[in-house]
Amino acid sequence: MVERSCAELIAEATAAPVDGWGFDWLDGRATEERPPWGYARQVADRMATVAAALDIDTGGGEVLAEVPQPPPLLLATEAWPPNVAVARRTLRRVGGRVVQVAPRSRLPFRDAGFDLVTSRHPVDTDWAEIARVLRPGGRYLSQQIGAGTMRELSEAVLGPLPPPATRHTAQAVAAARTAGLDVVRLERATLRAVFHDVGAVVWFLRKVVWTVPDFDVDRYRPQLERLHARIRAEGAFVARSRRFLIEAVRPAPGDVGSA
Numbered sequence: 020m021v022e023r024s025c026a027e028l029i030a031e032a033t034a035a036p037v038d039g040w041g042f043d044w045l046d047g048r049a050t051e052e053r054p055p056w057g058y059a060r061q062v063a064d065r066m067a068t069v070a071a072a073l074d075i076d077t078g079g080g081e082v083l084a085e086v087p088q089p090p091p092l093l094l095a096t097e098a099w100p101p102n103v104a105v106a107r108r109t110l111r112r113v114g115g116r117v118v119q120v121a122p123r124s125r126l127p128f129r130d131a132g133f134d135l136v137t138s139r140h141p142v143d144t145d146w147a148e149i150a151r152v153l154r155p156g157g158r159y160l161s162q163q164i165g166a167g168t169m170r171e172l173s174e175a176v177l178g179p180l181p182p183p184a185t186r187h188t189a190q191a192v193a194a195a196r197t198a199g200l201d202v203v204r205l206e207r208a209t210l211r212a213v214f215h216d217v218g219a220v221v222w223f224l225r226k227v228v229w230t231v232p233d234f235d236v237d238r239y240r241p242q243l244e245r246l247h248a249r250i251r252a253e254g255a256f257v258a259r260s261r262r263f264l265i266e267a268v269r270p271a272p273g274d275v276g277s278a
C-alpha cells in the first residue's frame, strides 16, 4: 500500500465537511474510548418517562435521533447554522423540533416548561436558565467536556499550555447549586483517543474548534508536518479526552435538597 503524503492527507481533511456532530469521517482513521455510563442510553431511558423534554446544543441531533420512545413534546436548540439544518432533518423522524438560538442567549422558552433538559458536550452551561425552564422535580442530565481534554493534541500544535482554568467538575457542581439545583450524580472518565494519520487530526481540529481555537491549516502547517512525521514513526498519536456526567434536579416545594 502506497503511503500518502502529508500534503495529500491535509488536503483531503480540509475539503471534508464537518457539519453536524457525527464523527463517521474518522472511521478507520481515529478511535476514542467511550465513557462507561452510556450517555445515549441514559437519555433514552429518561425520555421514555417524561412529557416534555429539551436538548440544548443538539449539534446535528444525533443523540436524540436514537431515542426509541420520544416524549410528546421534544424540542432542541442549536446555535451553529450549518448544524441547525442537519438537526432539523435528523429529528423530523422522532417528532423533534429544532429552535435556532444565538450563542450564549437566554433560552426562548417559558418558565417551568420541561420535565427533562439534556445536553451532550454543551459549549457553555447556563445553570440559571436550565433551572428556570425545568419544572419542580425536573432533571438536567449532561455529558460534559472535562478540564484539560485533548491537552496532548492542543500542546502538539500550540506548545506548552498553562493548567486549565475552566471545565472542572467542582465549578459545575458549585454553579448548579448556586442556581438552586441539587446535584444527584457526578461521574468522571479519562479516555484514550488515537489518531492514525494527520488528516484525522486536521479534520478533528476543524470540527472540535476549542482544541486549538485559532486553528488554520496554513498557520500551523509546520506543526502538522511534525505530527505527520511522528505518526509515521510511532504508528499513531495518542491523546486523552476527559468527560464527566452530571445530573441535577430542581427541587419541588418541600423537598429537602441533597446539595
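Residues in the sequence shown are numbered consecutively from 20, following the working numbering.
Ideal Cβ positions, reconstructed from N, Cα and C, are used throughout, including at glycine.
Does the separation of the CB atoms of residue i and residue j fall below 9 Å?
i: T209; j: S260; result: yes
i: F256; j: R249; result: yes
i: L135; j: R158; result: yes
i: V82; j: T137; result: yes
i: I164; j: W229; result: yes
i: T77; j: V117; result: yes
i: V86; j: V120; result: no
i: R186; j: G167; result: yes
i: V142; j: P155; result: no
i: C25; j: H215; result: no
Which residues in the same chain have their Cβ closer than 7 Å to the Cβ of residue i, if we skip the five residues on either side of it in sequence?
i: G218; result: L28, I29, E31, A32 and R48
i: P44; result: Per the sequence shown, the amino acid found at residue 44 is Trp instead of Pro. Taken in chain order, the residues that qualify are A35 and W222.
Grab me the residues of residue i's own chain with a C-beta within less than 6 Å of its C-beta, minus the 5 sequence neighbours each way, in chain order.
i: V105; result: D38, G39 and G79
i: L264; result: W56, Q162 and E206
i: G273; result: none
i: M169; result: T230, A258 and S260
i: K226; result: V37
i: P182; result: none
i: A150; result: A198, G199, L200 and R269
i: V224; result: Before going on, a small fix: residue 224 reads as Leu here, not Val. So the qualifying residues of the chain are T230, V231 and F234.
i: A288; result: With the chain covering only 20 through 278, there is no way to say anything about residue 288.
i: E244; result: C25
i: Q242; result: V176
i: N107; result: Reading off the sequence shown, one finds Arg at residue 107, where the question assumed Asn. V117, listed in sequence order.
i: T50; result: V213
i: E171; result: A258
i: Q195; result: Inspection of the sequence shows that residue 195 is occupied by Ala rather than by Gln. Cβ neighbours of A195 beyond the five flanking positions: W146, V202 and A267.
Assuming the contact rule is C-beta atoms closer than 8 Å, residue i and residue j should be a hit. Round their C-beta distance to whole Å, please.
i: Q162; j: P54; result: 7 Å
i: G114; j: P89; result: 6 Å
i: V203; j: A267; result: 7 Å
i: E133; j: A193; result: The question names Glu, but residue 133 is Phe in the sequence shown. Rounded, the Cβ-Cβ distance is 23 Å, inconsistent with contact.
i: T109; j: A84; result: 5 Å
i: R211; j: E52; result: 5 Å
i: P91; j: A59; result: Not a contact, Cβ separation roughly 21 Å.
Output needed for residue i: all residues of its chain with C-beta closer than 8 Å, excluding positions within five of it in sequence on either side, in chain order.
i: N102; result: D38, G39, W40, T77, G78 and G79
i: E174; result: L180
i: R251; result: E22
i: R112; result: A84
i: V152; result: L73, L126, F128, R129, D130, A131, G132, F133 and V136
i: D46; result: none
query = Pairing CB atoms from the segment 117-131 with CB atoms from the segment 57-72, are three or more of them under 8 Å?
reply = no
**Asked** Can you list, in chain order, the stretches of the alpha helix (DSSP H) that have 4 or more residues and sit fully within the segment 24-86?
**Response** 25-34 and 58-66
Touching or not, the segment 92-109 and the segment 227-244, by the rule of three or more beta carbon pairs under 8 Å? no
Review point. Fully enclosed by the segment 130-160, which alpha helix (DSSP H) runs are 4 residues long or longer?
Key: 146-152
Could you tell me which uninterrupted alpha helix (DSSP H) segments, each at least 4 residues in length, are contained entirely in the segment 160-223, listed from first to last along the chain? 170-177 and 188-197
### Task
Go through the segment 83-109 residue by residue and report every complete run of the alpha helix (DSSP H) that reaches 4 residues or more, in order.
none
I'd like the ranges of any alpha helix (DSSP H) spanning at least 4 consecutive residues and lying wholly in the segment 239-277.
240-253
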